[in-house]
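Order-wise, the sequence lines are chains A and B.
Residue numbering for the first sequence follows the numbering used here, beginning at 1 and increasing consecutively.
Residue numbering for the second sequence follows the numbering used here, beginning at 1001 and increasing consecutively.
Ideal Cβ placement from N, Cα and C applies to all residues, glycine included.
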Amino acid sequence: MNSFLLDGAEIPFEPGQTVIQAALAAGHYIPHLCYHPEFVPHGSCKLCTVRADGRPTAACTLPAQAGLKVESETEELNDLRRTLVQMLFAEGNHFCPSCEKSGNCVLQALGYDLGVMTAGFRHFFLDRPVDASHPDILLDFNRCVLCKLCVRASEEVDGKGVFSLAGRGIQRRLIVSAESGRLADTDIAVTDKAVEVCPVGVILRKRVGFRVPIGRRRFDARPISAQALEDAPRKPEHKHE
Amino acid sequence: MASFSMTDTTTASPPTPQSTPRLETAAQPERLRRVAIEPLTRVEGHGKVTLLLDEHDRVHQVRLHIVEFRGFERFIQGRPYWEVPVMVQRLCGICPVSHHLAAAKAMDVIVGARALTPTAEKVRRLMHYGQILQSHALHFFHLASPDLLFGFDSEVARRNIVAVAQAHPDIARKGVLLRKFGQEVIRITAGKRIHGTGAIPGGVNKNVSPEERDALLKDIYHVIAWSREAVALARQLYEQDPALYGEFGSIRAHQLCLVRADGAMDLYHGGLRARTADGETLFDHLDYDRYWEHILEEVKPWSYMKFPFLRALGPEQGWYRVGPLARVTLCDTIPTPLADHARREFLAYAGGSAARATMGTHWARMIEVLHAAEVIKALLHDPDIHGEDLVTQGERSERGVGIIEAPRGTLIHHYRVNEDDVVTRCNLIVSTTHNNQAMNESIRQVARRYLDGRRLTEGLLNHIEVAIRAFDPCLSCATHALGQMPLAVELVDASGQTLDRITRDAPSVC
């Protein structure tokens, strides 16, 4: 079987797998945010950046190649990842203390796992009102990290195209594909994949916030680095490592 | 112009709400020297006391100002209602559970949960009495006891919990352990010791498991024993100088608190009872849903903190006191035997003088600690706390009021929520606000009695803070919990020239 080296460990892969898919399947964690095992890689958040034969590349879009030498768990790369997480926090209004996604949030979990201890950047404090127009779903734009998972899910799985990203550069933002711009005027349903897939606290089922007590939330028991391996599609021989 | 005779300023009888020599606003402030005690620290914030003195050091004006502006009532607008109980508890790090529960009670009304399930009601009560226990223990042992054990003008370096631990290790140890137990009750019911998530609109998000109960039960009998000792200690401290404690900062105030339907003490829920300083009942078992028909707030230009008053008596005469002293003296009984026995002893002490004294608040506070410990014990033996039926709901309302007796007194949360589930209006009247005028009156009494006509010293200024600490530990937390609060007092004449200056340096940790 073909294999590449990840931080000195031999990682087997099947043709067509990316570096991150092969690594997770083999029980090796590479930090990531916009990558989701059920969706085509997007490569936008850059959290999964590794050095492949010395070149910085997103592990989620890099096809696995035999003999590749990949570095991921290095101080240099983790420093860069911490900076990226700080920038994501600075760009939005992420008030973890009162956010119902706390304990279940990928951004927060990455911050904890990578050891982000300071804000790092001056926060933008943008004014982003929530869209509470839909009877069952709340949209809190304050927490969007532009991972595009909801856009992908709504198009590819739900077949509705409810969400889009608009604007460029620092103006880039999540919008609702309706003339009014309001979620109530779309055909989104609370059971849609787009609702379930949001890794942060943007797309929320109404009236159930804080129902899960502290201690039983997704990242209470184990850090995201362990949880991601638990969730990843794995080969049977790696399941019980 | 206000004028005061010697007898006025040294009288031992506390002023009545009707006959208070003003001291609030001097007639010709431009001719007076200004002394500022700043910063006092409040709920994660700042307060200060200003004094205006004439050339003979006579006091003409005393004001407790809360100079910070928090803005919670504004920035909660536009947020979904289920977020509110978690968000608003960030108002305070000492009694977050009180805000958490008051908001949750208001949101119960929003979601139509007029009666909670037995499990939800009891788990919330457990959380609340854990809060009462830990906050009162913190206040009495960590913040106030140095003044009481060492003296109001004792050496400043000793007025902290570390010195208490050195001089009275047993007292300090039990105080710390009492607080720790209360925090454990909170952790088990809310998920965290500070800023948990246990109460949600219509109920709670967890019950108490048998294992968790057993962990608490293991210590509860020690906790009750220590609470009894705490009551005895509070009494003993009072008895070391009943004349001083009886008059110090004392005021004749109307009082307000929640009481149970049968008139008994209930710190989680009930109707409002208000009595005048003369004992006349203004209202009783009042449904708090329309509290504003009986309580209004007045704004004064010199403080960010509003001045609530009883509508029937008007803004001048209608100010009142809330908190342990009001609750212990207003209730008909305390529904746990040890605490009720302590209440009766307190009321009977020296012809009822302790029950009228500002410094009697500490004694009343320890009676509530004992009550909280007894309630926690009873709830831990109640199988309902293990139940699985956690949340209920009914017909939606657009307006919800939640009132609870927080450690420092009556706490009002009032919200409007629109059909999109978003908060459109919020009004909070916190305990410290209810006590605003009462605290001002109390420090004016102290200023008249102890500062008037005398050269200021650090110890004399601490007398002002001792009176404030009887009401609200948040103002003194930086002082005693972490050593000393940074304090600069300047005596400035009318032309702005500094005549005298006393400073304390900030502690290294804060």
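Item: Could you check which residue in A:ALA178, A:LEU138, A:VAL106, A:GLN21 has the C-alpha nearest to that of A:CYS147?; Value: A:VAL106
Item: Among residues of its own chain, excluding the 5 on either side of B:PRO1080, which ones have a beta-carbon nearer than 7 Å to its beta-carbon?; Value: ASP1421, VAL1422
Item: Should B:ILE1404 and B:LEU1138 be called a contact, given that it needs their Cβ atoms to be closer than 8 Å?; Value: no
Item: For A:SER177, which residues in chain B fall below 8 Å Cβ to Cβ?; Value: Those do not exist, as A:SER177 stays about 20 Å from chain B at its closest Cβ, beyond 8 Å.
Item: Go to B:ASN1462, then tell me how far its alpha helix (DSSP H) extends in each direction, as first and last residue.; Value: 1458-1471
Item: Given a cut-off of 8 Å on the beta-carbon distance, is the pair B:ALA1026 and B:LEU1064 in contact?; Value: no
Item: Verify the CB distance criterion: does B:ARG1090 have a CB-CB separation below 8 Å to chain A?; Value: yes
Item: So what's A:TYR29 in DSSP terms, helix, strand or just coil?; Value: coil
Item: Specify the secondary structure class of B:LYS1218 as computed by DSSP and reduced to three states.; Value: helix
Item: For A:TYR35, I'd like the list of residues in its chain whose CB is within less than 7 Å of its CB, leaving aside the five on either flank, ordered along the chain.; Value: ILE20, PRO41, CYS48, CYS60
Item: Give the single residue among B:MET1265, B:LEU1325, B:ARG1399, B:HIS1294 whose Cα lies nearest to the Cα of B:ILE1334.; Value: B:MET1265
Item: DSSP three-state call for B:TYR1245: helix, strand or coil?; Value: helix
Item: Please confirm if A:SER44 has its CB atom under 8 Å from at least one CB of chain C.; Value: Note that chain C does not occur in the displayed structure, where the protein chains are A and B.
Item: Compute the Euclidean distance between the alpha carbons of B:ARG1408 and B:TYR1268, then round it to the nearest angstrom.; Value: 13 Å
Item: Is it the case that the Cβ atoms of B:ILE1161 and B:PRO1085 are separated by a distance below 8 Å?; Value: no
Item: Quick one, which of B:PHE1075, B:GLN1134, B:GLU1419, B:GLN1393 has its alpha-carbon nearest B:GLY1093's?; Value: B:GLN1134
Item: By DSSP, does B:HIS1065 sit in helix, in strand, or in coil?; Value: strand
Item: Which value, in whole angstroms, describes the spacing of the CA atoms of A:GLU100 and B:TRP1082?; Value: 9 Å
Item: Let me know the secondary structure DSSP gives B:ASN1436 once reduced to three states.; Value: helix
Item: Check whether the segment 1272-1279 of chain B and the segment 1376-1386 of chain B are in contact - that is, three or more C-beta pairs closer than 8 Å.; Value: no
Item: Please check if any C-beta of chain B sits within less than 8 Å of the C-beta of A:LEU33.; Value: no
Item: Along the alpha helix (DSSP H) that carries B:GLY1360, what are the first and last residues, could you check?; Value: 1360-1380
Item: Within a Cβ cutoff of 6 Å, which residues of the same chain sit near B:HIS1128, ignoring the five residues on either side of it in sequence?; Value: LEU1101, TYR1268
Item: If the cut is a Cβ gap below 7 Å, which residues of chain B does A:PHE210 touch?; Value: TRP1082, VAL1086, THR1197, ILE1200, ASN1205
Item: With 16 as the cutoff for other CB atoms within 10 Å, does A:PRO129 come out buried or exposed?; Value: exposed
Item: Keeping to the same chain, check which residues put their C-beta closer than 7 Å to that of A:SER98; ignore five residues upstream and five downstream.; Value: none
Item: Among the residues of its own chain, which have a CB less than 7 Å from the CB of B:ALA1342, if the five just before and after it don't count?; Value: VAL1231, ILE1367, LEU1370
Item: Per DSSP, B:HIS1414 forms a beta bridge with which residues?; Value: B:VAL1401, B:ASN1427
Item: For A:HIS32, collect the residues of the same chain with a Cβ closer than 7 Å to its Cβ; drop the 5 residues on either side in sequence, then sort them by chain order.; Value: ILE20, LEU47, CYS48, CYS60
Item: According to DSSP, is B:ALA1167 part of a helix, a strand, or is it coil?; Value: helix
Item: Can the beta-carbon of A:ALA166 be found less than 8 Å from the beta-carbon of A:ARG122?; Value: no
Item: When the cut-off is 8 Å and only beta carbons count, does B:ASP1421 lie next to chain A?; Value: yes
Item: According to the Cβ coordinates, are A:ASP7 and A:GLU76 closer than 8 Å?; Value: no
Item: List the residues of chain B whose Cβ lies closer than 7 Å to the Cβ of A:GLY181, in chain order.; Value: What A:GLY181 touches in chain B: nothing, since even the nearest Cβ is about 15 Å away.
Item: Is it buried or exposed for B:THR1361, if we count other Cβ within 10 angstroms and need 16 for buried?; Value: buried
Item: With 8 Å set as the bound, which would you pick, yes or no: does the beta-carbon of A:VAL130 sit closer than that to a beta-carbon of chain B?; Value: yes
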